[in-house]
Every structure is written in C-alpha cells, then in structure tokens.
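Since the structure comes first, as structure tokens, the remarks are kept for the end.
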Amino acid sequence: MKNQDSTLIEVKKRIAWPFTLPERKKIDTTKDFYPKRWKNYFDETIPLWVKKTYPPRGRNNTKEFTSNDFKFYLSGIIELSEHFTTDRAFSLHEKRKGYFSHKKFRASYILYLLQVHAASFFSLFELHKSYFEEKIKTKKTITILDYGCGPGTASIAFLFFLKKHYAKQKISLEFNWVDSDPKIMKDGKELIDFLKSENHSISIKTWIPEKPMNTMTTNDLIFLGNVLNESRKLNQKITKKIASEVRKNPKLLILAVEPAAKDSAQNLALFRDYLIQEQNLFILAPCLHQEACPLSNGKDWCHFSLPTFIPSALLNGIKKSLEIQNRFQRFSYFIAGSPQKNSSKKIDEWRVLSDPLSSSQNKKNKTHSLLCAPETTKRVTLSQKQKFFRGDIIICSNKSTR
29 MKNQDSTLIE
39 VKKRIAWPFT
49 LPERKKIDTT
59 KDFYPKRWKN
69 YFDETIPLWV
79 KKTYPPRGRN
89 NTKEFTSNDF
99 KFYLSGIIEL
109 SEHFTTDRAF
119 SLHEKRKGYF
129 SHKKFRASYI
139 LYLLQVHAAS
149 FFSLFELHKS
159 YFEEKIKTKK
169 TITILDYGCG
179 PGTASIAFLF
189 FLKKHYAKQK
199 ISLEFNWVDS
209 DPKIMKDGKE
219 LIDFLKSENH
229 SISIKTWIPE
239 KPMNTMTTND
249 LIFLGNVLNE
259 SRKLNQKITK
269 KIASEVRKNP
279 KLLILAVEPA
289 AKDSAQNLAL
299 FRDYLIQEQN
309 LFILAPCLHQ
319 EACPLSNGKD
329 WCHFSLPTFI
339 PSALLNGIKK
349 SLEIQNRFQR
359 FSYFIAGSPQ
369 KNSSKKIDEW
379 RVLSDPLSSS
389 QNKKNKTHSL
399 LCAPETTKRV
409 TLSQKQKFFR
419 GDIIICSNKS
429 TR
C-alpha cells in the first residue's frame, strides 16, 4: 500500500458527513434523533433492573435509583472503563475468564457501555437506513445473528430503530445470539422483554462460540460489535463462522462496528478485505472502492466521528464523573452485502479520513487532509478556502485523481 503526497486538488463538490449512501440525506442528530422511549429505557428501566438484579448490599428499595445507588455502581464503571482504555484494570485470571463473569462488571457494562455502544449501532442504522429497509420491507420474518452480542447491544439498538420507523408494521424477529458468557446473554434477554410490542414478535436463541449453531438457520442480518478489539490479529474463528453464513445466504447484510482505535480498526480492515477477496461480498459503506484497504497497516487507521446528543441523564452523569467531555460517537465500521443498484464507485470520489491537519514543517501554516482511494491514501494540501472534515466525500476533477 502506498501513501501519496499531493499539492492542491481541484474539488468540484463536497458532500458533508453524515450522509446516507446512496441517498445522501443529512441527518440532524440533535433533534428527535432517538425514539422518545430511549430516555425512559436507559434512565429508568435499566437502572431499576440493575438495582433489582445486582442490588447494593442492604438496599432493598427497588422503586427508585438514588444518588447513593449511582455512587455505588460508579466504582465498577470506573474500573471497567479503565480496563477498556488502559488494559491494566484486570488481573490475568480475570482477563481469561472474561469481565462478564463478574457481577460487578456485568452491572457496570449494562448501566454505561450498553447505551454507548447501542447509540453507535442506532446511529449507523439511521445513517444507512436504506440497506436495512430493504430487508424489513421484503421479509415478514427477519433472522439476525448478533455475534459477540453481550447483553444484546446491537439487537436492542435495532429494536429502537424499528420502533422509530416501523412501529405499526408487523415484523417477526428471530435473534441468534452468540457470546462467550451465558450470564450476560441471560441478562440481555430480560432487558429485551421490556422492548416487546404488539407488532414486533421476538424470539431469541443463545449460543456460545464453542457450541455449533443450528446449521439449518439462515440469517438475513449479521451484527458484529466490538468482537475484534481483543486481538492483534484477525480472529480465524470469526472469519470461518461468517464465511459459513455467507455460503448459506449470499444476500445477507453485515454490519461490523469496532472502537475507533488503531488495532481494532486495522483488524476490521483485514476482515473487510477477507470478505471481498474470499467471500465475494461488496462493501456498501463507508468505502468508495472494493480494492484492498490502504489503512490495514501503518500509522493511520480508518475511523469516523458523529456529533450527537444522547438524551440520557444517567449517561451524562457517568461521563461527567469519568471526565469525558466530548459529544462525539467514535467508531470504525463497514456494511457488507451483495452489490445493489447504482453501487458502482467512481474514480473521482474520495473519502476524507481526517479533519484538517496542520504541518509543523509548513512555514505558511497550511493544512492538509488524508484521503482514501483504492489501495492508497493521499495527503492533500488545502487552500484557505477548502475545508474538508473526516467522513466527507469530495468529488474531484479527473486530473486531480491521476
């Protein structure tokens, strides 16, 4: 993979992020973005469920979640957060068992990271609504494999997506959950019960990776959330499992989401390349080409940020305690499936992979951006009038892309 340097480029059009592909309609993530029930579910239903299921010692009142309860659970949330940000919080024994094996961390994840990760999935369902809409409108029963599901994080986000757009449509949902910890899946099934509705019937089957699933099951959708971030190499068990699902249903749709960190993002890029090269799938988003990812190694990696306001007092309180000030969702992701109409990519379209970057070696204080193209990235110098931001699509003149 090569990294090309370039001077100024001639831009014909800028398509600002976030836009859906292929409709490219701008989404306002601050106004009526999340369903009304989102706040009640994460601020009331879940805290009371956690308090009832994993109660603080000596506190039997489950009718309200108090400030003292918040302080009690916050210690576990801080420790869990440190595990994900520094990787120093757990002993080797605890890492081998998995953090979900401990009640304290199951409760902490459900109170905090469940909503954070669900919000990322929900945002991507919204951004790329048309891809999921095709499955919803053409099938009475939708079968979904949620791999590395935890408490059903992606599944919960998908249910909120259905409640927002298809509340009156009769839909049968058959979830196949796979996770290494049966206890967190049991918790998730109880949390899903609160989201059941008259028009959306739900069934859930749970599996552990070591136990083979029913080979007769054909999945329409596959969700993979944060399953590649614990390994520095591509997980062969996951690739084999997804490959078997593709062989059963070449028209399935895959949404894979990972943290916006270098190792997990580059693992995701390798997984993307595998699906293209070995399984003949088509990357529908966010990539604008089907060649090898130029950021599967090296110092840069592909990730995106989405400004959003998540309407949760509990989450805002946790973030304040953790001294997290940004309001951006950050993640790496791709959507893969079979080629669709108008899915061919044009050579004059480039994806912007960075916000404007300043160069200390540039005496004129000019900025540059990192652009993605087939098998290469290009750093381009920006004029004072040019403003490109991470996630934007820019359409250049033909001479600019040579």
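Each number in the working numbering corresponds to the 1-based position in the sequence shown with 28 added.
Here a beta-carbon is modelled for each residue, glycine too, at the ideal position from N, C-alpha and C.
- CA-CA distance, Ser183 to Cys321, rounds to 28 Å.
- Counting only runs of at least 3 residues, the stretch 162-206 fully encloses the following beta strand (DSSP E) elements, listed from N- to C-terminal order: 169-175, 199-206.
- With contacts defined as CB atoms closer than 8 Å, Cys330 and Ala284 fail to qualify as a contacting pair.
- Phe359 is positioned such that its CB atom lies no closer than 8 Å to that of Pro335.
- DSSP places Lys348 in no beta strand (DSSP E) but in the uninterrupted alpha helix (DSSP H) bounded by 341-349.
- By the CB criterion at 8 Å, Ala185 and Phe150 fall inside the cutoff.
- Of the residues assessed, Asn254 falls on the buried side of the cut-off, its CB having 16 or more other CB atoms within 10 angstroms.
- Residue nearest to Ile266 within the set Lys290, His111, Lys276, Pro237 is Pro237 (criterion: CA-CA distance).
- Within the same chain, and ignoring the five residues on either side of Lys224 in sequence, the residues whose Cβ sits closer than 8 Å to its Cβ are Ile230.
- In this structure, the beta-carbon distance from Gly216 to Gly180 falls below 8 Å.
- Within the DSSP bridge table, the entry for Tyr361 names Val285 as partners.
- With 16 or more other Cβ atoms inside 10 Å of its own Cβ, Glu273 counts as buried.
- At the C-beta level, Phe70 and Lys79 stay beyond 8 Å of one another.
- For Thr267, the enclosing alpha helix (DSSP H) stretches over residues 264-276.
- The beta carbon of Trp45 is closer than 6 Å to those of Gly419, Asp420 in its chain, skipping five residues each way along the sequence.
- If you draw a straight line from the Cα of Gln143 to the Cα of Ala195, it comes to about 21 Å.
- If you ignore the 5 residues before and after Lys168, its C-beta comes within less than 7 Å of the C-beta of Ser200, all in its own chain and listed in chain order.
- By the neighbour-count criterion, in which 16 or more other beta carbons inside 10 Å mark a residue as buried, Glu351 falls on the exposed side.
- For Lys276, same chain residues with a beta-carbon under 6 Å away, outside a window of 5 residues either side, are Thr246 in chain order.
- Closest in alpha carbon position to Asn295, among Leu76, Leu262, Leu312, is Leu262.
- Of the residues assessed, Arg85 falls on the exposed side of the cut-off, its CB having fewer than 16 other CB atoms within 10 angstroms.
- DSSP places Val39 in the strand class (E or B) of the three-state scheme.
- Residue Tyr140 holds the alpha-carbon nearest to the alpha-carbon of Ile338 among Arg134, Asn204, Tyr140, Leu399.
- Comparing C-alpha distances from Pro210 to each of Lys192, Ile232, His156 shows the shortest one belongs to Ile232.
- In the displayed model, Glu306 falls within a helix according to three-state DSSP.
- The straight-line gap separating the alpha-carbon atoms of Leu303 and Asn96 is approximately 48 Å.
- Per DSSP, the beta bridge partners of Ile423 are Lys41, Glu377.
- According to the DSSP assignment, Ile220 belongs to no beta strand (DSSP E) but to the alpha helix (DSSP H) extending over 210-221.
- Of the candidates Leu410, Trp66, Leu281, the residue whose Cα lies closest to the Cα of Glu162 is Leu281.
- In this structure, DSSP gives Thr81 a helical state, which the three-state scheme calls helix.
- In the three-state reduction of the DSSP assignment, His331 falls in the coil class, being assigned neither a helical nor a strand state.
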